[in-house]
Every structure is written in C-alpha cells, then in structure tokens.
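Heads up, the sequence shown is in this note's numbering, so the first residue is 233 and it goes up one at a time. Worksheet: the structure to be examined is printed underneath.
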Amino acid sequence: MINMIWFLMIVVGVIVGGITGNIEAVTKAAVDSANSAVELSLGLIGVMTLWLGVMKIAEESGLVSALARALKPIMIRLFPEVPAEHPAMGAMVLNIAANVLGLGNAATPLGLKAMEELQKLNYKKDTATNAMCTFLAINTSSVQLIPTTTIAMMYAAGSTDPTVIIGPTMIATTLSTVAGVVAAKTFEKMPMFRA
C-alpha cells in the first residue's frame, strides 16, 4: 500500500511539474534528493556500526540478561495472566531488555516470538488478549536508554553533539511507556473491551 502511495505522489509530481512548466525543477529535486539520501546512508554506516558493536558487546557480556532479570518482577505484575515460567514471559522480558538497550534488530524476533507464545495462551484466537495489548503498548513505546539510530542520524546530518538526544529520549520514552501501560490497563477493565 505504501508503495502505491509513493508511486502516486511521484506520478502526480511529474504531471504537475509538466503542466506548470517546472519539469526541470522536479528533475533537479529528484537528483538532489537521491544524492542527499546516499550521503546520509554512508554517514550512518560508521556510526551504526560503532553503536551496534557496543550493543553486541553488552549482549555478549550478559548485560541484556541482567536487565532481563531485573525486569522480571515488574513483568509478573504487568502480566498476571501469563505464567512466570512460560516461554512468552521469557520472550517478552528479553524483547523489552533489547529495546531498552537500543538493540532493535535483536528485539524484533523476540517480540514476534512473544506474540506467538501469547497466542498459544489465547482461548479466543481471533481476539487479542489483555497481555497481548499491554505488551504491544510497551513494545511500541519502548523505553530506550541509548537511541542508537537517532544518534547515528544526527551524526550523519552533521550534529556537533549527537548524544544530546539521550536525556530527552529517556524522558519521552518512559512517559510514553507509562501512558501506554495505563491506557491498556484502563481499557482492559472496561466492560465493552472484555472478551
């Protein structure tokens, strides 16, 4: 669907450029944007490699596992309907720990595995459970200590202090996670959302 939207925007831009006599400006903008995209991508490679390496070291050193152990008591309270030793709980804890450390690539398969395991606990297969909704809210808002992608993009764009985003990101993602959990827990208590 998104491909169709982009295609339509390009076609409309070319048609309007042709009708208004600005086809050279459309062509110039397309070439300039392509050059900017390549420069940004090349700038991201080095910084992303550095941060992903640091995060891989954190993963290999056991920092992710330690964070997962620290999160487990909170997770048991947030997901009372999921047994503490169920594979879903383990996948959710590891997913959230990976997201907190900015390991988005490692978090994605764990999130998918968590949803798969939560679906096994679901007695009504065509309706999301409270645990699924709460996990989705947490996963979407995702508290982050180190926003590696944003730091890399700021560096590639020429920022003199790309790490300045760490504090505001921690505050914003913490508040969004709290809001997401409160919303999920509030809705699950409403009669109209009960299965």
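Even glycine gets a Cβ: it sits at the ideal position worked out from N, Cα and C. A quick note: this is a predicted structure, and the numbers were derived from the prediction, not measured.
In the DSSP assignment, find the alpha helix (DSSP H) that holds residue i and state where it starts and stops.
i      : result
TYR387 : 380–388
LYS421 : 398–421
LEU326 : 319–332
ALA369 : 362–373
MET236 : 234–252
Excluding the 5 residues preceding and the 5 following residue i in the sequence, name in chain order all residues of the same chain whose CB lies nearer than 7 Å to its CB.
i      : result
ASN362 : GLU313, GLU420
ALA450 : Missing from the structure shown is residue 450; the chain here goes from 233 to 427 and no further.
LEU303 : VAL325, ILE328, ALA329
THR405 : SER373, SER374, VAL375, GLN376
Residues in the same chain with beta-carbon distance under 6 Å from residue i, minus the five sequence neighbours each way, listed in chain order, please.
i      : result
PHE432 : Shown here, the chain extends from 233 to 427; a query on residue 432 therefore has no answer.
ASN331 : ALA339, SER374
MET422 : none
GLY343 : ASN327, ASN371
Is the distance from the Cβ of residue i to the Cβ of residue j below 8 Å?
i      : j      : result
ILE383 : THR395 : yes
ALA320 : ALA300 : no
GLY249 : ILE255 : yes
THR366 : ALA416 : yes
LYS352 : ALA323 : no
GLU348 : HIS318 : no
Given residue i, which residues of its chain have a CB within under 8 Å of its CB, disregarding the five upstream and five downstream residues?
i      : result
VAL410 : none
LEU377 : VAL332, LEU333, GLY334, ILE398, MET402
Within the 8 Å Cβ cut-off, does residue i reach chain C?
i      : result
PRO315 : The chain inventory of the structure shown lacks chain C, comprising one protein chain alone.
Could you round the C-beta distance between residue i and residue j to whole angstroms and report it? I think they count as a contact, below 8 Å.
i      : j      : result
VAL413 : ILE370 : 6 Å
VAL246 : VAL258 : 6 Å
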